[in-house]
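Quick note: the sequence shown uses UniProt numbering, first residue 8, plus one each step. Ideal placement from N, C-alpha and C gives every residue a C-beta, glycine not left out.
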Amino acid sequence: QDTINKIAAGEVIERPMAVVKELVENSIDAGANMVTVEIKDGGKSFMRITDNGSGIERDDIELAFTPHATSKIKGATDLLGVSTLGFRGEALASVAAVSQLEMITKVKREDVGCRYRIDGGESKEIEQVGCPDGTTFIIQNLFYNTPARLKFLKSHQTEAGYIGSVIERLSLSHPEISFRFINQGQTKLHTSGNGNLKDTIYQIYGRDITSNLLTVDLTSEICNIGGFIGKPVVSRGNRAYINYFINGRYIKSNIINRAIEEAYKPFTMQHRYPFTVLHFHIEPEFIDVNVHPQKMEIRFTNERELYKTIYECISDRLAHREF
Ligand code: ADP
Ligand code: MG
8 QDTINKIAAG EVIERPMAVV KELVENSIDA GANMVTVEIK DGGKSFMRIT DNGSGIERDD
68 IELAFTPHAT SKIKGATDLL GVSTLGFRGE ALASVAAVSQ LEMITKVKRE DVGCRYRIDG
128 GESKEIEQVG CPDGTTFIIQ NLFYNTPARL KFLKSHQTEA GYIGSVIERL SLSHPEISFR
188 FINQGQTKLH TSGNGNLKDT IYQIYGRDIT SNLLTVDLTS EICNIGGFIG KPVVSRGNRA
248 YINYFINGRY IKSNIINRAI EEAYKPFTMQ HRYPFTVLHF HIEPEFIDVN VHPQKMEIRF
308 TNERELYKTI YECISDRLAH REF
C-alpha cells in the first residue's frame, strides 16, 4: 500500500531521543496539556514520560503495541496534515521491541487504570492499578537486546543533550502544553503551558534573547508566518537557534533555511546565525509528499514564491526594527 511505502519502516528508534520524541508526540496527540520527561544516564538506563492525556482503554492496549496499528493515519496526504503528529503506527511496537517497557494508563471514565509490561517485545501482563488519568511510560535499558545499537550511542551527556533539544522544540511548537524535563533528578526545563509563545521562549532561553525579539505576523497566499525573530545583536555562532515549525511539526527545509539566513545577511557578521522561532502554515497542496517524513525534510511545489515571501517578510522586519 502506498501509504505504507511512504513510511520508511524500521529505523524508527535510533537513540533515546527518538523514544522521547515519539512518546511525547503521542502524548500531544492524546490531548495532554502536561508532559513530564525524566531520564537517567542519557536515557539509556531509564526514561519516564508522563502525560495527562486521554489514556488507553484496557482493550486497546495490546493493539497499540502491534506494528502499524494506528488509529490516526488516513492517507498519504495525512502524513503532512496538521491534525495529528503520529503517522507510522509503529513507534510503540518499535520501542517495546528494544527495551524493558512498563506502561500505566487510565481513561477518565474508569475508576482504575492498567499496568502493562512488555520486555523485548514479549508481553508480560496487564494488571489493574490505581493511578491518575493519563499515561506513563517507563522505558528501561534501551537496546539491551541489540548490543550493536547500544554501542553506537554517544556519552550520557551527549544523549541527554539531544533529548533536551527535542523537548525544547516540542515546547516551542506547543506553548499550550506544560513541559518538564528532568535529567538525573534535576529540572532542566519547565514551561508554563500558558499558550504564550514569548513566555515559552523566555522559559527556555532566558532574558537576553527574550528582550531582543521582533514579532513576525504575516498572512500571504501561500503561507502564514507567525512567531519571533531575534534582533541581530542576539545572533549566534551556530545554526542551533534557528527554530521553525511547518504546520506544527519540526521539519527541515533547505529553502526555508536559505530564506532566513539570506534575509539576515545584510544585518549580521559572517558566520553569525539568527535566533528564530517561527511557525509556518503552508497548505498541504503546496507540500511535496514524495519525500521521507522521517528525515524531517520536505519540499514545496512553489519554492521560489515561498522563498521570496519568507525572505521579504524577515528582511522587512529587520529593516524596520527599533533599537
Ligand atoms: P501512532 O502514534 O502512529 O498511532 P504509535 O505506535 O506511536 O502509533 O501509538 C500507537 C497507538 O497507541 C496510538 O495510535 C494511540 O492510540 C495509542 N497511544 C500511544 N501513546 C499514547 C498516549 N500517551 N496516550 C493515549 N494513547 C496513546
Ligand atoms: Mg506515535
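The alpha-carbon separation between Ile-317 and Ile-258 amounts to approximately 16 Å.
At least one heavy atom of the ligand MG is found less than 6 Å from the C-beta of Asn-33. About 15 Å separates the CB atoms of Val-241 and Gly-234; that is not less than 8 Å, and the two are not in contact. In this structure, Ile-229 keeps its C-beta atom at 7 Å or more from the C-beta atom of Glu-310.
In this structure, the alpha-carbon of Asp-67 lies about 14 Å from that of His-75. The three-state secondary structure of Ser-322, taken from DSSP, is helix. Boundaries cannot be given for Lys-259, as no beta strand (DSSP E) includes it and DSSP labels it neither H nor E.
In this chain, Arg-65 is not harboured by any beta strand (DSSP E), its DSSP state being neither H nor E.
DSSP lists Thr-112 and Gln-135 as the beta-bridge partner residues of Cys-121. Residue pairing by DSSP places Tyr-280 opposite Arg-243 in a beta bridge. Membership of Gln-193 in the beta strand (DSSP E) is indicated by the continuous run 193-197. Across the set Phe-159, Ser-130, Val-105 and Gly-137, the C-alpha of Gly-137 shows the shortest separation from the C-alpha of Lys-113.
Annotation: the continuous alpha helix (DSSP H) that includes Val-26 extends over 23-36. Annotation: the region 134-209 contains the following complete segments of the beta strand (DSSP E) (minimum length 3 residues), in chain order: 141-147, 185-190 and 193-197.
Setting aside the 5 residues that flank it on each side, Glu-134 is surrounded in the same chain by Arg-122, each with a C-beta closer than 6 Å to its C-beta; the list follows chain order. Taken through DSSP and simplified to helix, strand or coil, Thr-43 comes out as strand. Per the DSSP secondary-structure output, Tyr-251 pairs in a beta bridge with Leu-285. By the Cβ neighbour-count rule, Thr-207 is buried, with 16 or more other Cβ atoms within 10 Å of its own. Within the same chain, Leu-160, Glu-166 and Tyr-169 come within 7 Å of Arg-22 by CB-CB distance, once the 5 residues on both sides are set aside. For Asn-231, the pairing in a beta bridge is given by DSSP as Thr-226 and His-288. With fewer than 16 other Cβ atoms from the protein chains shown falling within 10 Å of its own Cβ, Thr-194 counts as exposed. Across the structure, Glu-97 and Leu-30 are spaced so that their CA atoms are roughly 11 Å apart. Ranked by Cα distance from Ser-199, the options Ile-211, Ser-218, Ile-189 and Gln-191 are led by Ile-211. Within 10 angstroms of the beta-carbon of Ser-34 lie 16 or more other beta-carbons, which makes it buried. Listed in chain order, the non-local C-beta contacts of Gln-107 below 6 Å within the same chain comprise Asp-126, Gln-147 and Asn-148, local neighbours out to five positions each way being set aside. The three-state reading of DSSP puts Glu-97 in coil, since its state is none of H, G, I, E or B. Closest in alpha carbon position to Tyr-251, among Leu-285, Met-41, Phe-307 and Ala-104, is Leu-285. C-alpha of Glu-269 to C-alpha of Glu-304: approximately 20 Å in a straight line.
Taking 6 Å as the cut-off, one finds no heavy atom of the ligand MG near enough to the beta carbon of Ala-155. Counting of Cβ neighbours within 10 angstroms places Ala-266 among the buried residues, the total reaching 16 or more. Between the ligand ADP and the CB of Leu-177, the shortest heavy atom gap is not smaller than 6 Å.
Here Asn-231 has His-288 as same chain residues with Cβ atoms under 6 Å from its own Cβ, once five neighbours each way along the sequence are excluded.
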